[in-house]
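Chains as they are written, first to last, in the working numbering: chain A, 2 to 388; chain B, 1363 to 1893.
Heads up, the beta-carbon is just placed ideally off N, CA and C, and yes, glycines get one too.
Nothing here was measured: the structure is a model prediction, and the numbers come from that model.
Here is the structure we will look at, set down as structure tokens.
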Amino acid sequence: MANTTGLWSHWAGYLVAEKYQMSEKFEYFAVRNSVGVFDTSPLYKHRITGPGAEHYLAGVLARNIHRCRPGQAQYTVWCDDRGFVVEDGVVLRLAPDEFMLTAARPNLAYLQGLIGHEAVEIEDVSARWGTLAVQGPRARTVLEPLVPEIAGLGYFDLVPAKLGDTAVTISRTGYTGGLGYEVWVPAEDAVAVWDAVAEAGAGHGMLPFGQVALLMARIEAGLLLIDVDFESSRFAFNDEHRSTPLELGFGWMLRDLDNDDRAFIGRNAIVRERAEGTSRWKMVGLVVDWHEYDTLYTAAGLIPPKDHIPVTDDFMLYDTGSDRVGYATSLMYSPMLQRHIAIARVRPDLAATGTKVDLEVTINHRYRRVGARVARMPLYNPAHKTA
Amino acid sequence: MPTSRSYDAIVIGAGHNGLINGAYLARAGLRTLIVERRHLVGGAAITEELIPGFQFTTFSYALSLLRPDIIHELELPRFGFMPLLMPFGFHPAENGDHLLMGTDRFENLHQIARRSPADADAYEQYRHDVAQVCQAIKPLLDQIPPDIFSKDPDELRRMAALAGHLRSLEPRVLHNAVRLLTGSAADFLDDYFEDELLKGYLASSSIIGSKLGPRSQGSGLVLLYHKLGEHDGSFGSWAFHKGGNGGFTQVLSRAAEGFGAEILLNAPVASVTTSNGRATGIALEDGTELRAATVVSSLDPRRTFLELVEPRELPADLVENINRFKFQGTSAKVNFALDGLPRFPGLPADGAHFRGFTNIGPTIDYLEHAYDDAKYGWYSARPYIDSAVQSTIDPDMAPPGKHVMSCFVQYAPYHLRESDWDTEREAFGDTVQATLESFFPGFGDLVIHREVVTPLDIERVVGLSEGNIFAGEFFAPQMFFFRPAPGWNQYRTPIEGYYQCGSGTHPGGCVMGAPGRLASQQILKDLVARY
């Protein structure tokens, strides 16, 4: 359970493992076939408390926090007043007046600036909490003997529990798209939790997994990544680099707006965008036509590359003519699906499942186009994710 | 019971090729029945729980050559296809040294350079040369081979296209292809490397499944075959399917049924019924007759031509060729349930090096000595063992903390001099276990259960004649234009409507699936021409 590669990188100021042994694909398969553990501790965590906390979040978050009861979690986004996404994260409702909001970037000043006269306190507790993600079809088998409290824990539910002598919170959440839990633990007890989980996982094929395997899994799972698939509106230089929730495919979060009278930041713009149909893009999954792909490379005298390591450059998308109709932001070869897949945005009129677009790739130093079809995300969606 | 007495197509045998063939025929809209003698599908690609919690890959044990087209055309990921990566190749030496090859290119070069700096860049050249040959040969695996004897304009065009393809290759690539296809693996490897341990590691692919030593001419072809797999776009890489190769044939079974094929188990076929030189269906051993205008045998050539139909109905030259078709199986399996991971004294106790194939066959001399025994009708005193502790890849294969270890063993010639396999079974198992003990001290103490599978068992249980795992040797006179016999390399038989789709047809054995797929293309083409 140690990083044997000597390779480290940085995440939010912390040293993190790219992979723990030389094959990231082996770690990926542990997540898909047995169980993997990932140290999510560097994630930013904001604790929001006080009698006004729920009302405050109802005005800040685009998704309706009133629907998140104590003991539940929500994946959510927050927007600026023009309806552009600032950031996304998971909010845990630990008690009626106590929330923890995760984010990939620091948001404390921004969130505090929105408090106004609400009876709310917000603090950055990132360094105070460790988070261990236990992900994969065997996650429950490994964790349940340690923390029987998770028996019957539903998707995006959470429960306080004792892991050994340590008080933890366990949520049925993760960033891999399968069955998974995250253990939220006070920082000083984090190492003990890691050790206990490692011991429980022995014999179950459990592996620690690093950034690379995580980023593979999240593309298959259709989970967006900031600064890759979208950017924060706060730090964009122009609207080309901003996206609305509808453009990112988060319309499902806002489906119930007619029965939801919250005045949240961005609401008016979002309502207008939806009524007038002014979304520029729609986030979709793409599945590359394997036959065209293989044929193109083979005809060029090359072995068709099938690299599972995600590429996060922009890849242009075209219609059958020469119009650029979108771009892919995350592209990889999926070992589970045996196809090249991508997270992409296309013009809304091309977002229907099965629509054909052309993906631009470089072969023999020339731009070439290979067919791809629009598909519903998540592209990988096993029954055990929610069962 | 089958739901009907009459089908468009009946496929005999639910091994991987039978399942693939049946799936394609059903996908094309034919009412298809796949009949299987045993109580389970898979043929030689099965997984069995011999003792509670321990899953044994009785026969076939890994995946590489499966044609990518099949994965996509039969939508296998939708039916549970899951080829798990094996991150290591572990090659222990007899003196306690070892090679441990992983997924990182430069770590591998470092491993090699530790013993011979010159071999490090030779290894890069070797891999590139072999990959180029694979790239050149690969198209031949995915098409029905031309009939060199036919004067049909279509066939003449295909022969010209083949010649054109060969002419389009760089001279060096074509020459390397011929060196591999006709020469010995030892000669080929000697041209690159000096380190005996590295040569032994690479040479092991040249003997698997074949009655050849690494110094035999023709072993290069077997080596090449084992590099032709392009699992996830990488030539020569192998995977372990979730649940073993039995897990894989379960996927195929679901796919076949998903496309509408019926599978009938416990239904041994007595014969293919014919009328006026045309296939009319099959007769089961229990007397049931089932009708179909298309009957496909996935069994080996001996059974396809000499047992399922009357050889007297066939042309004499075909019967002669099938009679002398070489099977001469020389492979066996010894599978273990283990109480823990074996220990190799020079490497960490966590046993990460067992996450892949462990290759017991340190040098070309070792392999060639093992072959010497077989030449004179006996099994190797120090056998070659291609082993895999599969539970380190897929924890579903054994209970937590326990393991299963699959050992493919050579040489074990089908015909034993002055004895037989039922007599020698346990002595042979002891020989294999003693060999493992010599590399992994204490191995014997870990053994909970041992399963010995002799070539005779392979023949009896799977039905592969003389236990040849490829349904016929990979010898040049039995390949491409001539597999299984001159003039009958396009999956047809002299009996109209009767086809062959097993590994005894082009391009041959391994869990490749190409025979099943290509035969379905021929069948569907013929059906269009007929109607």
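Establish whether the CB of tryptophan 1(A) and some CB of chain B are separated by less than 8 Å.
Absent from the structure is residue 1(A), since the part of chain A shown begins at 2 and ends at 388.
Could you check the C-alpha separation between serine 1768(B) and threonine 1420(B) for me, to the nearest Å?
Going by the C-alpha atoms only, they are around 8 Å apart.
Kindly list the residues whose CB is nearer than 8 Å to the CB of tryptophan 12(A), restricted to its own chain and excluding five residues on each side of it in sequence; keep chain order.
Pro43 and Gln212.
Report the neighbours of threonine 1465(B) on chain A: residues whose CB is nearer than 8 Å to its CB, in chain order.
Going along chain A in sequence order, the residues near threonine 1465(B) (Cβ under 8 Å) are Met23, Ser24, Lys26 and Phe27.
Going by beta carbon distance, what residues of the same chain come within less than 7 Å of histidine 385(A), once the five residues before and after it are set aside?
Within the same chain, histidine 385(A) has close Cβ partners Pro138, Gly179 and Leu180.
Is the shortest distance between the beta-carbon of glutamate 1469(B) and the beta-carbons of chain A less than 8 Å?
So, interface residue.
Would methionine 217(A) pass as an interface residue toward chain B - the criterion being a Cβ-Cβ separation below 8 Å?
Answer no: the Cβ-Cβ gap between methionine 217(A) and chain B never drops below 8 Å.
Going by the C-beta, is aspartate 1504(B) closer than 7 Å to any heavy atom of the ligand ZN?
Looking for the ligand ZN in the displayed structure turns up nothing, as the structure carries no ligands at all.
Any beta carbon of chain A sitting closer than 8 Å to that of arginine 1598(B)?
The residue you asked about is not arginine; residue 1598(B) is glycine in the sequence shown. By this cut-off, glycine 1598(B) is not an interface position.
Along the chain, where does the alpha helix (DSSP H) that runs through cysteine 1496(B) open and close?
1479–1503 is the extent of the alpha helix (DSSP H) around cysteine 1496(B).
Confirm, please, whether the CB-CB distance from glycine 1415(B) to proline 1761(B) is below 8 Å.
The answer is yes: Cβ separation under 8 Å.
Would you say phenylalanine 210(A) reaches chain B, if we count a Cβ-Cβ gap shorter than 8 Å as a contact?
Not an interface residue.
If you drop the 5 nearest sequence neighbours on each side, which residues of the same chain put their C-beta closer than 6 Å to that of valine 1658(B)?
The answer, listed in chain order, is Val1373, Asn1383, Tyr1861 and Cys1863.
Suppose you measure from the CA of glutamine 1897(B) to the CA of tyrosine 294(A); what does that come to, to the nearest Å?
Here chain B covers residues 1363 to 1893 and nothing more, so residue 1897(B) does not appear.
By how many angstroms is the C-alpha of glycine 1849(B) removed from the C-alpha of aspartate 1466(B)?
Between aspartate 1466(B) and glycine 1849(B), the C-alpha separation is close to 46 Å.
Considering only DSSP beta bridges, list what phenylalanine 210(A) is partnered with.
Bridge partners of phenylalanine 210(A): none, in fact.
Counting contacts by CB-CB distance shorter than 8 Å, is glutamine 1417(B) in contact with chain A?
Chain A, which has no Cβ nearer than 8 Å to the Cβ of glutamine 1417(B), makes this no.
Could you check what DSSP says for asparagine 1568(B) in three-state terms: helix, strand or coil?
At residue 1568(B) the sequence reads serine, which differs from the asparagine that was named. If DSSP states are grouped into helix, strand and coil, serine 1568(B) belongs with the helices.
To be precise: take each residue of the region 193–204 of chain A, compare its Cβ to all Cβ atoms of chain B, and keep it if any distance is under 8 Å. Which residues remain?
Cβ contacts with chain B come from Ala203 and Gly204.
Whose C-beta lies closer than 6 Å to the C-beta of isoleucine 1433(B) among residues of the same chain, with five residues either side of it excluded?
Nothing meets the Cβ criterion.
Please go through the same chain and pick out, in chain order, the residues whose beta-carbon is closer than 8 Å to the beta-carbon of isoleucine 1474(B), but skip the five residues on each side of it.
Taken in chain order, the residues that qualify are Leu1461, Asp1481, Ala1482, Tyr1485, Asp1557 and Leu1560.
Assign glutamate 1669(B) to one of three DSSP states: helix, strand, or coil.
Of the three classes helix, strand and coil, the one that applies to glutamate 1669(B) here is helix, per DSSP.
Are three or more beta carbon pairs between the region 1442–1461 of chain B and the region 1750–1758 of chain B nearer than 8 Å?
Contact holds: three or more Cβ-Cβ distances are below 8 Å.
According to the Cβ coordinates, are aspartate 315(A) and tyrosine 328(A) closer than 8 Å?
Yes, they are a contact pair.
Determine whether the Cβ of glycine 1595(B) lies closer than 8 Å to any Cβ atom of chain A.
Output row for glycine 1595(B): interface = yes.
Would you tell me roughly how many angstroms separate the C-alpha atoms of proline 1724(B) and glycine 206(A), rounded to the nearest one?
The alpha-carbon atoms of proline 1724(B) and glycine 206(A) are separated by roughly 29 Å.
Check the C-beta distance from valine 198(A) over to leucine 133(A) and give it rounded, since I have them as a contact under 8 Å.
Contact holds; Cβ gap of about 6 Å.
Assign glutamine 1417(B) to one of two classes, buried (16 or more other C-beta atoms within 10 Å of its C-beta) or exposed (fewer than that).
Classification for glutamine 1417(B): buried.
Check histidine 1777(B) in the structure and name its three-state DSSP category.
Coil.
Three-state secondary structure (DSSP) at glutamate 1398(B)?
In the structure shown, glutamate 1398(B) sits in coil (DSSP, three-state: anything other than H, G, I, E or B).
Please return the same chain residues whose Cβ sits closer than 8 Å to the Cβ of threonine 279(A), not counting the five positions on each side in sequence.
So the qualifying residues of the chain are Arg273.
Does the beta-carbon of lysine 1352(B) have 16 or more other beta-carbons within 10 angstroms, so that it is buried, or is it exposed?
Residue 1352(B) lies beyond the residue range present for chain B, which begins at 1363 and ends at 1893; the question has no answer from this structure.
What are the partner residues of leucine 159(A), as DSSP defines its beta bridges?
DSSP output for leucine 159(A) lists Ser172(A) as bridge partner(s).
Which residues of chain B have a Cβ atom closer than 7 Å to the Cβ of lysine 307(A), listed in chain order?
Asp1594 and Gly1595, listed in chain order.
Can you list, in chain order, the residues of its chain whose CB lies under 7 Å from that of leucine 216(A), leaving out five sequence neighbours each side?
Excluding residues within five positions, the ones whose Cβ falls inside 7 Å are Pro311.
Alpha carbon to alpha carbon, how far is glutamate 277(A) from aspartate 350(A)?
Spanning the two alpha carbons is a distance of roughly 14 Å.
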